[in-house]
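Engineer: The structure is given below, and queries will be raised subsequently.
Number of protein chains: 2
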Amino acid sequence: MTMTYKSPEIGQEISCVMKGIQKELLLNNDKLKLILKQVLKKNKFTILKSIYKAFSSQGFTALILLAESHLAIHTYPEYNSIYFNLYSCRGPKDAEATFNLVKKQLNPKEVLFYKENQIPIVS
Amino acid sequence: MTMTYKSPEIGQEISCVMKGIQKELLLNNDKLKLILKQVLKKNKFTILKSIYKAFSSQGFTALILLAESHLAIHTYPEYNSIYFNLYSCRGPKDAEATFNLVKKQLNPKEVLFYKENQIPIVS
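So the sequence lines, in the order shown, correspond to chains V and C.
Position 28, counted from 1, in the first sequence is what numbering that gives the first Met the number 0 calls 27; the numbers after and before it change by one each time, with no gaps.
Position 86, counted from 1, in the second sequence is what numbering that gives the first Met the number 0 calls 85; the numbers after and before it change by one each time, with no gaps.
Here it is in structure tokens:
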């Protein structure tokens with residue numbers, strides 16, 4: 000017997016900007032990688048591949064390819080913020096637990112969610 | 000003199016599901032990769048790294064790390080659809096031209112945008 004996994008038609012996505020993150024954490028790319036990996040593991044996501052880029056000026060990007068879709072972050076040390084994007088095709092509400100755990104670890108002062116592909120507050 | 004690029008505080012994101020894509024194109028991962036690369040190049044994005052995964056059952060994931068953020072797609076041949084996620088920190092409306100070019104190439108019958116992190120129509 001072969002078991003084949005069938006995705007729901009529309010996956011769960013969480014996209015946001017987390018603001019007011021402590022500078023020390025925001026500049027520690029290794030710590031950020033570790034947080035993401037630990038949280039994904041805790042939520043039983045399977046990491047298949049990942050790519051990272053620390054920009055020479057400032058900022059860090061992590062793209063993690065999951066068996067269940069992907070997680071992306073971009074850091075903006077100049078604004079004390081991180082863009083977070085998790086897409087999961089395991090089912091409704093699935094991304095929320097992971098988002099909440101990452102949020103707990105990063106401890107932002109504010110979270111801005113994208114609405115209709117835009118965050119209205121652009122300073 | 001050193002020129003340093005400063006991102007806007009909030010990047011432009013386009014996340015959607017494109018439905019009703021022709022099966023032949025949807026199953027041609029090399030063609031999909033080529034379309035993404037060509038469109039990104041046309042819009043003067045800089046591809047720094049990329050990872051791909053063709054799933055053994057079905058489906059294909061591409062994560063492309065850009066100097067200007069990232070592009071992610073996931074294909075769902077079982078639903079004739081593709082999830083598309085482009086995040087750019089070059090400025091307002093920046094992602095739209097790229098999205099429109101990709102859409103033109105993929106020619107979906109319908110595009111569902113995420114609103115408040117959810118697409119309300121889940122069949």
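Just so it is clear, CB atoms sit at the ideal spot from N, CA and C, and this is done for glycine as well.
All figures in this text were calculated on a predicted structure; none of them were measured in a lab.
Could you list which residues in chain V have their beta carbon closer than 9 Å to that of C/Ser68, in chain order?
Structural biologist: Taking the first residue of the second sequence as 1, we reach residue 68 of chain C at position 69. The answer, in chain order, is Thr60, Ala71, His73, Tyr82.
Engineer: Among V/Val38, V/Ile9, V/His73, V/Lys36, which one has its Cα closest to the Cα of V/Ala53?
Structural biologist: If you number the first sequence from 1, residue 53 of chain V lands on position 54. V/Ala53 has its Cα closest to that of V/His73, out of V/Val38, V/Ile9, V/His73, V/Lys36.
Engineer: I want to verify the contact list: residues of chain C whose CB lies under 7 Å from the CB of V/Gly10, in sequence order.
Structural biologist: Walking along the first sequence from the start, residue 10 of chain V turns up at place 11. Neighbours of V/Gly10 on chain C, chain order: Tyr82.
Engineer: Taking Cβ to Cβ, would you say V/Lys22 is nearer than 8 Å to V/Glu109?
Structural biologist: Position 23 of the first sequence, counting from 1, holds the residue named residue 22 of chain V. Position 110 of the first sequence, counting from 1, holds the residue named residue 109 of chain V. It is not a contact, given that the beta carbons lie outside the stated cut-off.
Engineer: Between the beta-carbon of V/Tyr51 and the beta-carbon of V/Ser68, is there less than 8 Å?
Structural biologist: As a first step, residue 51 of chain V must be located in the first sequence, where it is residue number 52. As a first step, residue 68 of chain V must be located in the first sequence, where it is residue number 69. Contact flag unset, no.
Engineer: Can a CB atom of chain C be found closer than 8 Å to the CB of V/Val38?
Structural biologist: Here residue 38 of chain V is taken as the residue at index 39 of the first sequence, counted from 1. Cβ-Cβ to chain C under 8 Å: no for V/Val38.
Engineer: Which runs of the beta strand (DSSP E) spanning at least 3 residues fall entirely within the region 7–46 of chain C, listed in chain order?
Structural biologist: Segments of the beta strand (DSSP E) lying fully in the region 7–46 of chain C: 11–18.
Engineer: At 8 Å on the CB atoms, spell out the chain V contacts of C/Lys52, in chain order.
Structural biologist: Indexing the second sequence from 1 puts residue 52 of chain C at position 53. Ordered by position in chain V, the residues that pass the 8 Å Cβ test against C/Lys52 are Leu47, Lys48, Leu64.
Engineer: Identify whether V/Phe98 lies in helix, strand or coil by the three-state DSSP scheme.
Structural biologist: Your numbering for residue 98 of chain V matches position 99 in the first sequence. Reduced to three states, the DSSP call for V/Phe98 is helix.
Engineer: Three-state secondary structure (DSSP) at V/Lys103?
Structural biologist: Translated into positions along the first sequence, residue 103 of chain V becomes position 104. Helix at V/Lys103.
Engineer: Is C/Glu67 helix, strand or coil by DSSP?
Structural biologist: Taking the first residue of the second sequence as position 1, residue 67 of chain C is located at position 68. C/Glu67: coil per DSSP, three-state reduction.
Engineer: Grouping DSSP H, G and I as helix and E and B as strand, with all else coil, what is V/Tyr145?
Structural biologist: An answer regarding residue 145 of chain V cannot be provided, because it is not within the stretch 0 to 122 covered by chain V.
Engineer: Between the region 53–63 of chain C and the region 57–68 of chain V, can you find at least three pairs of beta-carbon atoms closer than 8 Å?
Structural biologist: Enough Cβ pairs lie closer than 8 Å, so yes.
Engineer: Which partner residues does C/Lys48 have in the DSSP bridge list?
Structural biologist: Looking up residue 48 of chain C in the second sequence gives position 49. BP columns for C/Lys48 point to C/Leu64.
Engineer: Give me, in chain order, the residues of the same chain whose beta-carbon lies closer than 7 Å to that of C/Lys48; leave out the 5 immediate sequence neighbours on both sides.
Structural biologist: Within the second sequence, the letter at position 49 stands for residue 48 of chain C. Excluding sequence neighbours, C/Lys48 sits near Leu64.
Engineer: Flag this pair as yes or no: are the beta carbons of V/Ile20 and V/Asn79 separated by less than 8 Å?
Structural biologist: The count along the first sequence starts at 1 and reaches residue 20 of chain V at position 21. The count along the first sequence starts at 1 and reaches residue 79 of chain V at position 80. Against a cut-off of 8 Å, the Cβ pair of V/Asn79 and V/Ile20 comes out as a contact.
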